[in-house]
Amino acid sequence: MEGFKEEARWTAPTVTNNNVGTVKPEAEYTREEHEAPLANDKALNAIFSVVDISAFKLINTCTMAKTT
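Residue numbering for the sequence shown follows full-length UniProt numbering, beginning at 1 and increasing consecutively.
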């Protein structure tokens with residue numbers, strides 16, 4: 001539908017060393033950290049693909065389909 005813009009707002013996992021947070025190297029991601037953005041994108045895509053524009057306006061601020 002025209003006007004729909006899907007944005008995934010996943011953020012990379014971080015590690016803290018000496019009170020400084022840095023992005024965790026992808027090689028060190030856990031299985032859950034690898035799967036989380038894919039599952040979230042699939043869920044948001046499914047939701048946004050089946051709703052009409054009025055329902056979309058109500059839910060378009062969602063950034064996560066499910067929080068853990």
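Beta carbons are placed, not taken as given, at the ideal position from N, Cα and C, and that holds for glycine.
Please read all numbers here as calculations on a predicted model, not as lab measurements.
**Asked** Per DSSP, what kind of secondary structure is Val23 in: helix, strand or coil?
**Response** In the sequence shown, residue 23 corresponds to position 23, counting from 1. Val23 falls in the strand class under three-state DSSP.
**Request:** Check each candidate in Met64, Pro13, Cys62 and name the one with the smallest Cα separation from Glu33.
**Result:** Mapped onto the sequence shown, residue 33 falls at position 33. Selected option, being the one with the closest Cα: Pro13.
**Request:** Just grab the DSSP bridge partners of Thr61 for me.
**Result:** Here residue 61 refers to the residue found at position 61 when the sequence shown is read from its first residue. Beta-bridge pairing links Thr61 to no other residue.
**Message:** So for Asn18, helix, strand or coil by DSSP?
**Reply:** The residue labelled residue 18 in the question sits at position 18 within the sequence shown. Correct three-state label for Asn18: coil.
**As assigned by DSSP and simplified to three states, the class of Pro13** = Locating residue 13 in the sequence shown gives position 13, where the first residue counts as 1. Three-state result, Pro13: coil.
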